[in-house]
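Each residue of the sequence shown is one higher than the one before, counting from 1 in the UniProt record's numbering. By construction, the Cβ of each residue, glycine as well, lies at the ideal position given by its N, Cα and C atoms. Predicted model only: the values in this text are computed from it and were never measured.
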Amino acid sequence: MGADMSNNNNPPPTSHAKDLFASPALSLSLAGIFRHAGVAAADEAATSVEEGEEGSGGAAERLEEISSENSGPTRSRSEDDFEGGEAEPEDDDDAHGDNKNKKTKKKRKKYHRHTADQIREMEALFKESPHPDEKQRQQLSKQLGLAPRQVKFWFQNRRTQIKAIQERHENSLLKSEIEKLKEKNKSLRETINKACCPNCGVPTTSRDGVMPTEEQQLRIENAKLKAEVEKLRAALGKYAPGSTSPSCSSGHDQENRSSLDFYTGIFGLDKSRIMDIVNQAMGELIKMATVGEPLWLRSFETGREILNYDEYVKEFAVENSSSSGKPKRSIEASRDTAVVFVDLPSLVQSFLDVNQWKEMFPCLISKAATVDVICNGEGLSRNGAVQLMFAELQMLTPMVPTREVYFVRFCKQLSAEQWAIVDVSIDKVEDNIDASLVKCRKRPSGCIIEDKSNGHCKVIWVEHSECQKSAVHSMYRTIVNSGLAFGARHWIATLQLQCERLVFFMATNVPMKDSTGVATLAGRKSILKLAQRMTWSFCHAIGASSIHAWTKVTSKTGEDIRISSRKNLNDPGEPLGLILCAVCSVWLPVSPNVLFDFLRDENRRTEWDIMSSGGTVQSIANLAKGQDRGNAVAIQTIKLKENSVWILQDSCTNLYESMVAYACVDITGIQSVMTGCDSSNLAILPSGFSIIPDGLESRPLVISSRQEEKNTEGGSLFTMAFQILTNASPTAKLTLESVDSVNTLVSCTLRNIRTSLQCEDG
1 MGADMSNNNN PPPTSHAKDL FASPALSLSL AGIFRHAGVA AADEAATSVE EGEEGSGGAA
61 ERLEEISSEN SGPTRSRSED DFEGGEAEPE DDDDAHGDNK NKKTKKKRKK YHRHTADQIR
121 EMEALFKESP HPDEKQRQQL SKQLGLAPRQ VKFWFQNRRT QIKAIQERHE NSLLKSEIEK
181 LKEKNKSLRE TINKACCPNC GVPTTSRDGV MPTEEQQLRI ENAKLKAEVE KLRAALGKYA
241 PGSTSPSCSS GHDQENRSSL DFYTGIFGLD KSRIMDIVNQ AMGELIKMAT VGEPLWLRSF
301 ETGREILNYD EYVKEFAVEN SSSSGKPKRS IEASRDTAVV FVDLPSLVQS FLDVNQWKEM
361 FPCLISKAAT VDVICNGEGL SRNGAVQLMF AELQMLTPMV PTREVYFVRF CKQLSAEQWA
421 IVDVSIDKVE DNIDASLVKC RKRPSGCIIE DKSNGHCKVI WVEHSECQKS AVHSMYRTIV
481 NSGLAFGARH WIATLQLQCE RLVFFMATNV PMKDSTGVAT LAGRKSILKL AQRMTWSFCH
541 AIGASSIHAW TKVTSKTGED IRISSRKNLN DPGEPLGLIL CAVCSVWLPV SPNVLFDFLR
601 DENRRTEWDI MSSGGTVQSI ANLAKGQDRG NAVAIQTIKL KENSVWILQD SCTNLYESMV
661 AYACVDITGI QSVMTGCDSS NLAILPSGFS IIPDGLESRP LVISSRQEEK NTEGGSLFTM
721 AFQILTNASP TAKLTLESVD SVNTLVSCTL RNIRTSLQCE DG
């Protein structure tokens with residue numbers, strides 16, 4: 001590995017090998033990679049260092065030591081050290097001294113720093129190809145006047161730097177997960193301390209010597225928390241003792257470290273530069289949200305607003321990405337306006353709190369985290385807050401890849417009745433993150449929120465992004481490439497739906513016709529809360545997020561099925577054991593409204609549900625949670641010959657998509673929830689369906705008196721997902737019998753749906 005610098009008969013050098021392979025030096029060099037901006041960063045990246053081949057065993061990639069707060073100036077070893085003869089001795093007289101009486105002084109190694117032009121050319125090639133082949137290195141070395149090995153070592157060093165940055169971000173995400181576990185641990189402790197249910201008065205803790213179930217769950221949760229802490233410590237172990245990771249605290253120095261130091265040290269950007277970027281982005285967002293033609297043109301065919309990109313480039317002096325050296329990216333821009341049922345402070349708070357933001361858009365966001373807070377903002381409203389965030393965006397199918405994006409969020413109060421939230425990606429951040437992670441970047445996007453009377457807000461949403469072109473399944477290519485999948489209409493329709501759900505959850509004067517089968521207000525809230533948790537779990541389970549490992553199998557009817565499994569060790573909200581999830585996405589020649597109404601109708605459930613075959617289905621309760629009659633939570637009972645099964649069903653619909661999630665529930669447990677008892681410990685494993693239009697909006701529309709029916713012409717992209725507990729033991733392994741059973745379930749259900757809707761040839 002690397003070049004042999006000494007004869008076998010001579011003792012090995014004691015200083016160089018130790019300097020290059022000692023882990024503290026490696027950690028210090030990684031921690032200081034982006035400590036200085038501009039030329040300093042370029043000089044560090046330019047230093048030529050001897051390295052071994054990547055992926056070889058024995059030693060890791062060798063990296064030049066860079067002086068930091070915890071180490072003195074260090075020397076690098078350039079290509080000249082390998083070739084010999086070019087290294088300059090410290091003194092000629094010493095070099096020819098008596099070798100028998102004294103050791104020869106070590107030769108002072110000279111090192112080579114690349115010029116700014118050489119660095120610029122190598123950076124340009126690195127962005128296109130982080131792993132250049134021999135031909136590319138030869139060509140670049142001739143062009144720059146460098147040896148091929150110097151070019152090779154520079155690229156190896158650069159890749160090592162990128163890996164260090166990626167690890168820092170992973171540590172930050174891991175830290176946020178630790179905080180969540182601590183909060184959950186705290187809530188479990190509070191639950192244990194409660195002597196009885198506040199609604200029904202039934203004791204929740206045992207007074208005898210038997211350990212309560214809640215305490216058992218608390219102990220399990222503590223064990224999981226300790227394991228996560230050990231995992232975090234192991235991840236941080238790669239940093240040298242005495243040095244600090246940018247994503248965690250280490251002593252008083254790290255605690256007192258400001259966000260300004262954080263950004264100067266890692267991304268080469270100070271706070272003033274970030275504030276300049278977000279203020280400029282805020283100005284662009286306000287123009288994009290308020291200006292009409294010629295910047296935005298309305299399509300006569302679809303009614304959607306289309307961005308005039310030539311006018312956009314002229315208005316904002318944007319560099320044309322096609323002429324730059326960056327990889328080709330597709331531009332997506334959309335704008336939409338709606339009125340939502342929520343007060344202004346609550347809506348602004350949901351954007352400032354990353355957990356509330358993620359819960360507000362469960363079908364769009366699979367993962368999200370606040371990487372760092374740059375500015376906390378002023379007062380209780382946090383006006384002027386700026387934070388660096390990460391999000392993984394998804395569709396409700398594993399057939400469309402997720403989009404990972406880092407961005408800075410800026411929340412600003414424009415007037416007493418108006419706020420603006422802008423998200424924008426910063427080049428300096430993304431240039432130092434592994435290109436495989438940055439699939440998407442946000443141009444100034446966000447929303448303008450205006451307070452209206454009676455708890456209403458008008459929201460103008462602008463979504464503007466550029467994404468790397470990636471392979472998308474042909475079935476979803478139209479809706480993804482048109483910008484509908486992650487566009488403004490999707491975001492604002494989801495926001496409307498969630499705000500309506502919240503209004504109906506808090507309402508105390510719901511008409512009886514919209515709330516049947518549940519006698520008390522507390523029972524209604526408990527059922528709605530349980531249904532919301534079920535829907536969140538369903539959305540979390542079926543996307544293409546990196547938390548799932550999907551395996552493709554072929555169904556008995558020829559469709560592709562994605563299968564994944566997971567083990568639930570301690571979550572009381574799901575059954576404990578080995579859980580199998582199977583997802584299948586197909587196109588059906590049925591309008592989304594017809595398909596949604598068919599699947600949520602309890603009178604037609606026996607037509608597709610294998611479990612209810614041969615039985616009768618009756619509705620026990622029906623709770624409205626939105627203005628549309630399709631937004632409701634229902635409790636149904638399936639009466640079979642041997643027994644009865646109770647089903648909790650949550651149906652949701654908006655202008656973009658519809659969803660039906662359902663799960664079998666314990667009869668005693670759901671009856672307790674209907675009286676108002678806490679539902680957080682009721683185990684539930686949801687299955688269900690997701691329905692979106694196929695995106696073919698260009699086809700002629702049928703004239704209709706109902707506005708919402710204009711978008712129902714054409715087919716549906718239909719995703720069905722089933723989750724099954726295959727074994728109650730978490731240590732069990734997935735068997736072929738389980739896979740075959742779920743394969744049969746998917747195939748039979750899909751065949752029943754096609755038969756009932758008379759689309760067997762779809």
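Taking only the alpha-carbon atoms, compute the straight-line gap between L396 and D336 and give it to the nearest angstrom.
Counting from 1 along the sequence shown, the entry for residue 396 is found at position 396. Counting from 1 along the sequence shown, the entry for residue 336 is found at position 336. C-alpha separation (whole angstroms): 22 Å.
Alpha carbon to alpha carbon, how far is P345 from N454?
Here the question's residue 345 lines up with position 345 in the sequence shown. Here the question's residue 454 lines up with position 454 in the sequence shown. About 13 Å.
Quick check: what's the CA-CA separation for G626 versus F504?
As a first step, residue 626 must be located in the sequence shown, where it is residue number 626. As a first step, residue 504 must be located in the sequence shown, where it is residue number 504. In a straight line, the C-alpha of G626 is about 7 Å away from that of F504.
For the candidate residues M389, C363, S425, S591, whose alpha-carbon lies nearest to that of K498?
Along the sequence shown, one-based indexing puts residue 498 at 498. For the sequence presented, residue 498 should be read as Gln rather than Lys. The shortest C-alpha separation from Q498 is found at C363.
State the Cα-Cα distance for the pair Q356 and R501, rounded to the nearest angstrom.
Translated into the one-based positions of the sequence shown, residue 356 becomes position 356. Translated into the one-based positions of the sequence shown, residue 501 becomes position 501. The alpha-carbon atoms of Q356 and R501 are separated by roughly 14 Å.
If we ignore side chains and look at the alpha-carbon of each, how far apart do V371 and L173 end up?
Locating residue 371 in the sequence shown gives position 371, counting from the first residue. Locating residue 173 in the sequence shown gives position 173, counting from the first residue. So the two alpha carbons sit approximately 7 Å from each other.
Is Y312 helix, strand or coil when you go by DSSP?
Position 312 of the sequence shown, counted from the first residue, corresponds to residue 312. In this structure, Y312 counts as helix in the three-state DSSP scheme.
Out of curiosity, what's the CA-to-CA distance linking S330 and Y312?
Within the sequence shown, residue 330 is the residue found at index 330, counting from 1. Within the sequence shown, residue 312 is the residue found at index 312, counting from 1. So the two alpha carbons sit approximately 15 Å from each other.
So for Y656, helix, strand or coil by DSSP?
Counted from its first residue, the sequence shown places residue 656 at position 656. Reduced to three states, the DSSP call for Y656 is coil.
If we count Cβ pairs, one from each stretch, closer than 8 Å, do we get three or more for the stretch 645-662 versus the stretch 587-602?
yes
Kindly identify the DSSP beta-bridge partner or partners of Y662.
By 1-based counting over the sequence shown, the position of residue 662 is 662. Answer is Q649, S687.
Spatially closest choice to Y309 from E332, F300, S299, by CA coordinates
On the sequence shown, position 309 is the one that residue 309 refers to. The option with the nearest alpha carbon to Y309 is E332.
By the three-class DSSP mapping on this structure, what secondary structure does S436 have?
As a working mapping, residue 436 is identified with position 436 in the sequence shown. Per-residue confidence for S436 stands at a pLDDT of 49, beneath the threshold of 50, marking its modelled position as unreliable; no derived number is given.
Report the three-state DSSP secondary structure of L181 (helix, strand or coil).
Residue mapping note: residue 181 aligns to position 181 of the sequence shown, counting from 1. The answer is helix: DSSP assigns L181 an H, G or I state.
Out of curiosity, what's the CA-to-CA distance linking V510 and D270?
For the purposes of this step, residue 510 is taken as the residue at position 510 of the sequence shown. For the purposes of this step, residue 270 is taken as the residue at position 270 of the sequence shown. Taking the straight line from one Cα to the other gives about 52 Å.
List the residues that DSSP assigns as beta-bridge partners of N622.
Counting from 1 along the sequence shown, the entry for residue 622 is found at position 622. DSSP lists T516, A634 as partners of N622.
Whole beta strand (DSSP E) runs in the stretch 271-309 with 3 or more residues, listed along the chain?
296-298, 305-307
What ranges does the beta strand (DSSP E) occupy inside the stretch 582-628, keeping only unbroken runs of at least 3 residues that lie completely in it?
616-624
So, are the CB atoms of P401 and M534 less than 7 Å apart?
One-based indexing of the sequence shown puts residue 401 at position 401. One-based indexing of the sequence shown puts residue 534 at position 534. It is not a contact, given that the beta carbons lie outside the stated cut-off.
Hey, how far is the Cα of Q156 from the Cα of N171?
If you number the sequence shown from 1, residue 156 lands on position 156. If you number the sequence shown from 1, residue 171 lands on position 171. Q156 and N171: Cα-Cα distance of roughly 23 Å.
Counting Cβ pairs, one atom from each stretch, are 3 or more of them under 8 Å apart for the stretch 512-525 and the stretch 373-386?
no
Is it buried or exposed, E79, if we count other Cβ atoms within 10 angstroms and call 16 or more buried?
Within the sequence shown, the letter at position 79 stands for residue 79. Confidence in E79 is poor, its pLDDT being 40 and thus under 50, which makes the residue's placement too unreliable to answer from.
Excluding five sequence neighbours on each side, which residues of the same chain lie with their C-beta closer than 6 Å to the C-beta of A485?
Counting from 1 along the sequence shown, the entry for residue 485 is found at position 485. Hits under 6 Å: M395, I479.
Nearest by alpha-carbon distance to R273: which of T744, E190, V408 is it?
As a position in the sequence shown, residue 273 is number 273, starting the count at 1. Ranking the options by Cα distance to R273, first place goes to V408.
If we count Cβ pairs, one from each stretch, closer than 8 Å, do we get three or more for the stretch 725-736 versus the stretch 564-582?
yes
Per DSSP, the bridge partner or partners of F341:
For the purposes of this step, residue 341 is taken as the residue at position 341 of the sequence shown. Paired residues: H456.
Assigned secondary structure, W357 (DSSP; H/G/I helix, E/B strand, else coil):
Looking up residue 357 in the sequence shown gives position 357. In the structure shown, W357 sits in a helix (DSSP, three-state: H, G or I).
Suppose only complete runs of 4+ residues qualify. What are the alpha helix (DSSP H) ranges in the stretch 352-411, listed by chain order?
354-360
Looking at the C-beta of M395, does it have a partner C-beta in chain C at a distance below 7 Å?
Considering every chain present, this structure includes no chain C. It has just one protein chain.
Which of the three DSSP states, helix, strand or coil, is assigned to Q758?
One-based indexing of the sequence shown puts residue 758 at position 758. Looking at Q758 - three-state DSSP - the assignment turns out to be coil, as it is neither helix nor strand.
Best match in S644, D650, S651, L655 for proximity to D666 [C-alpha to C-alpha]:
What you label residue 666 is simply residue 666 of the sequence shown in a count that begins at 1. That would be S644, whose Cα lies nearest to the Cα of D666.
Note down the Cα distance separating L225 from S672, rounded to an integer number of angstroms.
Locating residue 225 in the sequence shown gives position 225, counting from the first residue. Locating residue 672 in the sequence shown gives position 672, counting from the first residue. Rounded to whole angstroms, L225 to S672 spans 30 Å at the Cα level.
Compare the Cα-Cα distances from D571 to each of E128, L218, Q150 and report the closest residue.
What you label residue 571 is simply residue 571 of the sequence shown in a count that begins at 1. It is L218.
DSSP state of W419, grouped into three classes?
Against the sequence shown, residue 419 aligns to sequence position 419. Correct three-state label for W419: strand.
Can you tell me whether A333 is helix, strand or coil according to DSSP?
Taking the first residue of the sequence shown as 1, we reach residue 333 at position 333. Strand at A333.
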